[in-house]
Every structure is written in C-alpha cells, then in structure tokens.
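Heads up: the structure comes next, in structure tokens.
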Amino acid sequence: MEYVKWQRPRYMPCFPLGDRQSRITECEKHIQLSRRAAAEGAVLLKNDGQLLPFAKGTKVAVFGKAQIDYVKGGGGSGNTVVSYVRNIYQGLKEKTKLVQVFDPLSFYYQSYVDEQYRLGGKNGMLEEPVIPADLLEQAAAFTDTAVITICRYSTETEDRRNDGTDTYYYLSDTEHQMVEAVTAAFAKVVVLLNVGAMIDTTWFAQNSKISGAVMLWQGGMEGGLAAADLLVGDAAPSGRLVDSCAVSFEDYPSSEGFHESDDYVKYTEDIFVGYRYFETVPGMQQRVVYPFGYGLSYTSFALTDADVYHNASRIYVTFTITNTGERAGRQVVQLYYGAPCGRLSKPARQLCGFAKTKLLTPGESEVLTIDFAIRDMACFDDTGVVARSCFVMEAGSYRFYLGENVRDAMPLAYTYELAETMVTEQLHSYCAPEKLDKRMTADGTYEPVECKEIVRAQFPCNYRFAEPPVREKPYTMLAVARGKIELDTFIAQLSDEELCHLVSGQPGFGISSTSGMGHLLQYEIPLFMTADGPAGLRSRTSSKIPATAFPVATALACTWDLQLMDEIGKAGALEVKENNICMWLTPALNIHRSPLCGRNFEYFSEDPFLTGKMAAAKVKGIQSQGIVACPKHFAANNKETNRRYCDSILSERALREIYLKGFEICVKEAHPKLIMTAYNPINGIHASENAELLNGILRQEWGFEGAVTSDWVNEKDHVKEIKAGNDIKMPRGEQQKLLAALKDGTLQREEIAVCTKRLLEMFLWIE
Ligand code: BGC
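Every letter in the sequence shown is one number past the one before it in our numbering, and letter 38, counting from 1, is 26.
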C-alpha cells in the first residue's frame, strides 16, 4: 500500500496511539507521569525537627480552603481541560494507613468551597473563611499537628500590583488570621503552597511556630495526590528553587519601575536579574529568604572527589554524590562560574551546568560529570569598552562553585586562567535601545546609557523564483513530498492570492481552539492545526475532550530533570497527535524578571541557562514524535498589562545575556520548527515587525531554519511582519492588505514567497 502523507491532518482519523488501540489522551500512564513530576518539582523549604515526612499514624488537621480548591495550573491559553482534579484533602485520604485526617474540619472547607462556587466563585480566587471556634477546638483536641494550605491563581493579561492592593504575593488579612489561629493552637505546623509563582515566604521562614513548608507550585491534575505522597514519604522531595525568594517584593530591583507606565518598562537592573542581583550587589544577600537553587531533602548527601579538567573547548567537573542519610532521595548539584571583573560588570555567580542523581538509597553513591563550553562564559559588550557587539571573555581567573544552591556552592580548587582577553563571537548591534537612560552595574549603582536615534538594519530578500512548471494541471504538495518536484518549483506556480493565503492563519477544526495553517486543498495542503500548551494539550472547552494537565512550567523547572522534561514533551506531543493536531504552542520561556508578571507560572525561571536547557529538552521530546514545537514568546515578554503595546526597553547586553539566551540555547540544541513572536515591542519595534530580531539575530546569527508565527490577534501590520521575517499571522492574516501592498510595490512577491517556503518546509517535516 502506498504511504499516505499527512494522514492525520488530511483525514482526521483520531487513531488511538496507546497500547492495544487504547486512547493515550489523559491515559493513566500520562496521569502518573504528571503526578510524579508534581512530586519531583515540589520544593521542601523548611523541615525543622524533621517533622516531615509524617510518622506513620500521625493525626493531622488540615486548614485552608486550598485543601479543597486545589489550583492545577494557571488560566488563559496555559489552561488545560481535564476530566478531574485531585485536591490535597483527597490526597491525604488516599493515605489512611499512614495518616488520619480530622474530617469535620475538611468537610467545613468542602461545604464552604461548594457554596462559593454555587455563588459564582472561581477556582483559586475564593476568600479564606474564618475558622469556626468550635472546630478549631475539636481539631486541637484531635491532634497537635496542623497543615495550612494556601493557593493562588493567575492568568495571562493580568499582572500583580505593587501598590498595596496585591493579594497574590502577600497573604490576605484572612489568611494571616488563619495562620495566627493555627499556630496558636497547634505545636506542629506545616505549610503547603499551591501557587504558580513566587510569593512571600517570610511569614513561615521567620516563624518558629511553623516547622515545615513545601512549595507545591501548581502541580497539574493530580497535584493534590503528589502533595500527599510527599507528606507521608511515599515520594522524596528533590525539587530545587528556580527563583530567588526575597524578603519583600520591593527587593527585586525590577519591581520598582514595573508599573511606572503602561506603555513601557525600563529594564534598568540590566543583567542583574534574580540571583545575579542578590549574590552580586553588596548587602543584597541579606534580602534573600531562600536562594536560587535551594531545596531540602528527607535525607542528606555528601559531595566528594570533585575533579576538574578541560580541553581546548570544554570544562568537565566530575564528583561523587553519596546518600549519607536514612531515606532514599535525589540530589541536584549545581555548577556556577564567576568571571573576572574587568571592564564589563559581571555577576558574582552564574549557573553553567547542573546534574541530578538517580534515586539513591541510603549509603549509595553516584559519580556525575557536568561539562560546558568555555566560550559560554563570555559576556556581550554593547558599548565597545572591549569589543563592540561581540561576546568577549576578559582576561583573568574564572572561578567555579559547586554545590546545592547558588549561596552554598563551594569554591573549587580549580580556576580557568585566561591570559588575554578574547572575542568569542563577533555579532551585530541589533535591537539597541533608544530610550534607556541608565543601567545597573555590579555595585548596585547605575551608569548612564548613551542613547541616540538608530537606523535599523535592513535584510534584503534574496529569494529568486524558480521557473514555473510547464504543465496543464498544477503540481500538488504531495509531488514535492514524494520528491517529484522541488519546493521552489511548486512555489513558482502559486498565485499572489495563494501566497497570501499561506502566510495567513486558517480556521480551526475539531478540538483546536487556536486555528490552523495551510489549508490549500486544491494543492493537497491540508489544514495543519495548532493547540496551546504549556501545561498540557489545551482542547476547545466545548469539545469536552480532556487531556492530561501536567504541572506548570515553573514546577517542572524545579525538577532540574531534563530526562523528565523530555518525557513530558513526548507524552504531551502524543496527546496532541492523537487529536490530529500538528503544532503544539509550547514551551513558553520568558524570564521571571519580576514576581509581578501574571504569566510567570507558564515560564521556567529567573535564570536563562536553566530556562534554555529545560525548553530544549521539552522541544526534543515533542519533536521526536513528529509534532512541531513552538517556543514562545520571542522575546522580552515579561509583563501582561497592556501587553500588546508595552515597550520593553533594555540594553543589548541584557537582551542577549538574559532574555534571548534561553531561546538561543533552545534553538541551537533542539532546532524547533516554529517560534512565536511576542506581542510587545522591544526598544520601540514590535517583536513580530522586528527584522533585526528575526532576520538578524534569530536567522542570520543563530542559524534558525524554522518558521516564525505571530502571537494571536497581535494587532500588528501584516506587511511589516512579512518584511521582518515573521512568516505567518495568526489566527488570521490581512490578505487584502498584502495584496494591495503587492500591487503598489511596497511588498515584493519574493518577500512573501520566502515566508511561504519556510512554512511549507515545516509542513513537509510533519508526518
Ligand atoms: C498567548 C499565546 C497563545 C495564543 C493562542 C495568546 O494570547 O499569548 O501564548 O499561544 O494566545 O491561544
């Protein structure tokens, strides 16, 4: 039988992909993977007196509406339609052989949540109710051990406020009252945080009446069960923080100007984001409650025999990790470098590698190696103090720190000595700021930035049409797929209307709520549909086709487990495929610049290296299944308020080292087939209309060969987008405008053809 290309997009067969023809979408195996990931990504922040895991037979009273109203993930396009969500109370009730829960208290919260929902209340948004005095008394008579649960919900298009009205980062008054009441009545208290992003941690870190705290994040559809696995020791906590927890949100230097204007954000902290700020700027270490990379275990580990060697291009660090405690566990080891301070400001420490052990039983050891490219320690010189528009390594001693988190990592005896400053890469001055007045240096003071009006680079289109085929009936794309004609020959026979059609999004079908691409049936180009991520396949709500909800990206990043990311990429991609969708709009890899961004839950971390590695692992997993991955939002999309117009104003250095670095790693390591541009302008030019960003940095400098899509309904000019190398406008294009531009000569047919070619190449890759 002849092989049929594009069976799924053409015929929408919904063939099941599981064993023995079972459906894989929201199957038990994927749900178990989600539950395991939720446990692996949870971070044990506090465990005084080894209260956790609870000893067998422990009686607990669980406080807080969050034990019932579990938030599996954030809202908007990052949401996932599921058939159920398991909450913390249900999790603990699965462990009745190990813990006993004081049910009347949990029933009280259950009826409160039910009633609030009946009145129109929303998941994760309910007010904390007052604890009835008699229940508090009965609970205290039942046990001396309490669990306090706190949850938070956030969604795209909304940010948090630093004007005293925020109820995300800080506890609300009623939550404070709950904490007061519980800590007064119980000797042992554990806190569970079901949140999508950084929140205030001082209230338990600095409270001796609270012995334990676990950052659960938003752990997907079985997050509540994973929480119980951890509490009773059926799972070992091995998550480590991917953001710094500061004393207050004013301590994050990015918070100050975040809401200065709806029209712009000035990234004046420059490269000093997250731990790069707290570990470098004098006095700021004290403003950290839990440092980047931090997390406890139920066991202890020893790191020994660290040994370093290098060849001409890479440094290798080998060491042994031994489980020295009494329970099984996994350890995350992090490697940081400190570059010499030369003419360019440098952070004290920067992550350059990490490794996670397997599950080590007590006494067991594992030898691990972390290696990285020497040139990855270079920094970008945007002023010319060393070499303008180059990545440079300044002469001096490069030091290394190995250990459990950015603060506690110990200096290695080895240093890498560079005798002479060198240029590692000559690039261009692209996306430079015109309106940035100052930027932070390593001592926390600001230096002025010289800005002038900039003439942006042009990227002439060098596409040349092939000879159109001489044939009565046009060739179809299947002829290209079968190798009968060249793609360029196929493109040459397309009319202007057809070219404009192909660079425009097409209506969605089936469970897709985000439209499709292609759909030129006379040429046998099917409708290739897209669907959102990142936490799982997001189906159209009305389709009632549930999919597996995995933990949010921040939780997954906290696993520091690239293998697990790859598995989740594969599992999600299979669900996407089974539902006849070809492109999965994930991962999202913007930077946690500030705790105020409402979309942090969808993004991995404050650190670009970890972000890039996690994203690359997910993209590899997805694309191994013949599904297109689509990293987003390229780039500097770190605020939701007025997100389509709010200009991200930043230095070229911060852009290159912080906001583009994760994308660069992902593009170079995993070769995604598609990238989504951000809504926002970058230094005055919208991402989708930004030729320096797309044709310059992404294609010319990084060698990206895939296609670029706009974000949905971005309200930008389709003609400018085509000229800038944004290949397709979603969810629909401005075809009439394109045709008019072709007619009046503002747009050339070749400029559309080059975009079309990249899209068709992507389609051809899809099985
Ligand atoms: C979001 C994207 C998403 C798209 C399609 C936009 O609002 O920013 O992340 O993929 O919608 O749903």
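Yeah, the Cβ is synthetic: ideal placement off N, Cα and C, and Gly gets one too. Here the structure is a predicted model, which is why all the values come from computation and not from measurement.
| Asked | Found |
| --- | --- |
| Cut-off 7 Å between Cβ atoms - residues of its own chain near Arg470, not counting five sequence neighbours on either side | none |
| Any non-hydrogen atom of the ligand BGC closer than 7 Å to Thr502 Cβ | yes |
| Cβ-based burial, Gly495 [other Cβ within 10 Å; buried from 16] | Residue identity differs from the one stated: residue 495 is Pro in this sequence, not Gly. Pro495 comes out exposed. |
| Beta-carbon spacing of Leu584, Ala519 below 8 Å | no |
| Length of the line joining the Cα atoms of Glu755 and Asn182 | 39 Å |
| Distance cut-off 7 Å: Ser65 Cβ against heavy atoms of the ligand BGC | yes |
| Reduced DSSP secondary structure (H/G/I, E/B, other) of Ser492 | strand |
| Residue closest to Glu652, alpha-carbon to alpha-carbon, out of Ala397, Leu681, Ile740 | Leu681 |
| Any non-hydrogen atom of the ligand BGC closer than 7 Å to His674 Cβ | no |
| contact_flag[the region 615 to 626, the region 552 to 571] where n(CB pairs < 8 Å) is 3 or more | yes |
| CB of Ala25 within 8 Å of CB of Leu747, strictly | no |
| Contact test: Glu144 Cβ vs the ligand BGC heavy atom, cutoff 7 Å | yes |
| At least 3 beta-carbon pairs within less than 8 Å: the region 352 to 366 vs the region 243 to 259 | no |
| Local conformation of Ile358 per DSSP, three classes | strand |
| Burial state of Tyr667, where buried means 16 or more other Cβ atoms lie within 10 Å | buried |
| Residue-chain proximity (Glu168, chain C), Cβ-Cβ < 8 Å | The question asks about chain C, but that chain is absent: this structure has only one protein chain. |
| Proximal residues to Asn702 (C-beta, below 7 Å), its chain only, five neighbours per side dropped | Arg632, Tyr667, Ser676 |
| The region 235 to 248 touching the region 202 to 214, judged by at least three CB pairs closer than 8 Å | no |
| CB contact flag (Phe307, Leu390, <8 Å) | yes |
| Buried or exposed by the 16-neighbour rule on C-beta atoms within 10 Å, applied to Thr137 | buried |
| Distance cut-off 7 Å: Leu573 Cβ against heavy atoms of the ligand BGC | yes |
| Identity of the residue in Glu354, His416, Glu392, Arg331 nearest Glu384 by Cα | A small fix is needed here, since residue 384 is Gly in this sequence, not Glu. Gly384 has its Cα closest to that of Arg331, out of Glu354, His416, Glu392, Arg331. |
| For Glu566 and Ala535, the rounded distance between their alpha carbons | 11 Å |
| Nonlocal neighbours in the same chain, by C-beta distance under 6 Å from Ile756, ignoring five residues either side | The displayed coordinates of the chain run from -11 to 755. Any statement about residue 756 would go beyond what the structure contains. |
| Asp520 CB to nearest heavy atom of the ligand BGC below 7 Å | yes |
| Given 8 Å, three or more beta-carbon pairs between the region 305 to 320 and the region 409 to 427 | no |
| Exposure of Thr345, with buried meaning 16 or more beta-carbon neighbours within 10 Å | buried |
| Proximity test, Asp122 beta-carbon vs the ligand BGC heavy atom, cut-off 7 Å | no |
| From Ser503, Cys654, Pro669, residue whose alpha carbon lies closest to that of Leu577 | Cys654 |
| Cβ shell of Lys(-7) (< 7 Å), same chain only, five flanking positions each side left out | Leu466, Ala469 |
| Contact check, Gly227 vs Glu28, beta carbons under 8 Å | yes |
| Inter-stretch contact at 8 Å, needing at least 3 Cβ pairs: the region 157 to 172 / the region 593 to 610 | no |
| DSSP beta-bridge partners of Arg387 | Gly326, Thr403 |
| Reference Tyr511, options Leu686, Phe237, Pro462, closest by Cα | Pro462 |
| Met505 to Ser492 span [Cα, whole Å] | 7 Å |
| Reference Ala401; option with closest CA among Val179, Met410, Arg387, Arg444 | Arg387 |
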